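Student:
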Amino acid sequence: MAIITVAELKEQLNLTDDLGTDDDALLGRKIDAAQDHIERQLGFNLEARYGADDQDPIPAALVEAVSQLAAHWYENREASLIGVNGYALPFGVQEIVDGYREYSFDG
Numbered sequence: 001m002a003i004i005t006v007a008e009l010k011e012q013l014n015l016t017d018d019l020g021t022d023d024d025a026l027l028g029r030k031i032d033a034a035q036d037h038i039e040r041q042l043g044f045n046l047e048a049r050y051g052a053d054d055q056d057p058i059p060a061a062l063v064e065a066v067s068q069l070a071a072h073w074y075e076n077r078e079a080s081l082i083g084v085n086g087y088a089l090p091f092g093v094q095e096i097v098d099g100y101r102e103y104s105f106d107g
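For what it's worth, this note's numbering labels the leading residue of the sequence shown as 1, then goes sequentially.
1. If distances are taken between C-alpha atoms only, which option among Ala7, Arg77, Asp32 and Ser104 comes closest to Tyr1?
2. Tell me which residue opens and which closes the alpha helix (DSSP H) that Ser67 is part of.
3. Nearest-angstrom Cα distance between Phe105 and Ala60?
4. Using the Cα positions of Gly92 and Glu64, report the straight-line distance between them to the nearest angstrom.
5. How many angstroms separate the CA atom of Asn45 from the CA atom of Glu39?
6. Run the CB neighbour count on Leu19, radius 10 Å, all protein chains shown included, and call it buried at 16 or more, exposed below.
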């Protein structure tokens, strides 16, 4: 299950009610893809790690990372090129993820 809603992503994108529900399915796919991408980088499932009654809530920074990445992928349906620099992730997302990432060294 996604940790942010389509309504929350619309708020992040500053989308008005004029859009209606036309892009809701697309926005939902962007949320799912962003969360999956971040969970793969982290090495764990966010909902399995956080959010249950006996667990800490999902850190706001990780919720923000999912929101920023989903918004970026919605606004930039292709790879982004700003000037002469290409960016795979919006500024800040990688830094947020790195702070929560788990490393293991199986030998």
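We put the beta carbon where it would ideally sit given N, CA and C, even for glycine. Quick caveat, the model's predicted, so the values are computed rather than measured.
Tutor: Here's the rundown:
1. Checking the sequence, you will find Met at residue 1 rather than Tyr. Cα-wise, what sits closest to Met1 is Asp32.
2. Ala60 to Glu75
3. 28 Å
4. 10 Å
5. 5 Å
6. exposed
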